[in-house]
Amino acid sequence: ARAGMEAAAGYLGERRAFGGPLADQQGLRFMLAEMARDVAAARALTREAAGARDRGESLVEVSSLAKWTASDAAMRVTTDAVQLFGGSGYSRETGIERLMRDAKGAQIYEGTNQIHREIVAGEVLKRAGSAPD
199 ARAGMEAAAG
209 YLGERRAFGG
219 PLADQQGLRF
229 MLAEMARDVA
239 AARALTREAA
249 GARDRGESLV
259 EVSSLAKWTA
269 SDAAMRVTTD
279 AVQLFGGSGY
289 SRETGIERLM
299 RDAKGAQIYE
309 GTNQIHREIV
319 AGEVLKRAGS
329 APD
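Positions 199 to 331 (my numbering) are the ones given, in order, by the sequence shown.
Here it is, written out as structure tokens:
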């Protein structure tokens, strides 16, 4: 995700259209800000999972949250990066399309994100005393 965000930021600063750099366009800046938010959230949950492991705490919920959040963030960020690059974002020369394909893989391996949603929901229900039998 971070590589996609950084590539997009570089491209927005370099590419000129509408009389100036694309980085001057508010809508594109908003997309970049959303990328930064997604990357930060993924990093924070990943660090939380690592801390829980170091403390010997249960990893069931936090590791599922981290994997699900990070892989979805990577998919959103890299998809937006492809869009920001325009036609060249889909070509192999930029490498952005590879990041997007890798992000899709991350949503699938080590349990699909749907499985991780189920794990998280089960843990929340257990805490509430509402887990099904």
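Glycine included, every Cβ here is placed at the ideal spot set by N, Cα and C.
Only a predicted model underlies this, so the values are computations on that prediction, with no experimental measurement involved.
Residues near residue i by beta carbon distance below 6 Å, same chain, minus five either side
i      : result
SER286 : THR292
GLY202 : VAL275, THR276, ALA279, LEU297
Nearest residue (CA-CA) to residue i, options the options
i      : options                        : result
ASP236 : ASP300, ARG290, TYR288, ALA272 : ALA272
ALA206 : ALA240, ARG274, GLN312         : ARG274
ALA239 : ARG251, ALA199, GLY211         : ALA199
ILE204 : ALA234, ALA250, LEU263         : Checking the sequence shown, residue 204 turns out to be Glu, not Ile. Nearest of ALA234, ALA250, LEU263 to GLU204, Cα basis: ALA234.
LYS265 : ARG214, ARG251, ARG213, TYR307 : TYR307
LEU226 : ARG245, PHE283, ARG251, ALA250 : PHE283
VAL260 : ARG315, ALA326, GLN281, SER328 : ARG315
ILE313 : GLN223, ALA221, SER262, ASP252 : SER262
The alpha helix (DSSP H) enclosing residue i, as first and last residue numbers
i      : result
THR277 : 258-283
LEU243 : 224-252
ARG315 : 311-326
LEU297 : 294-306
GLY208 : 200-212
Cut-off 7 Å between Cβ atoms - residues of its own chain near residue i, not counting five sequence neighbours on either side
i      : result
VAL258 : ILE317, GLU321
ARG241 : none
Distance CB(residue i)-CB(residue j) smaller than 8 Å
i      : j      : result
SER269 : ALA319 : no
LEU230 : THR267 : no
PRO219 : GLY211 : yes
Residue i CB to nearest heavy atom of the ligand NAP below 7 Å
i      : result
ALA279 : Of ligands this structure carries none, so the ligand NAP is not represented either.
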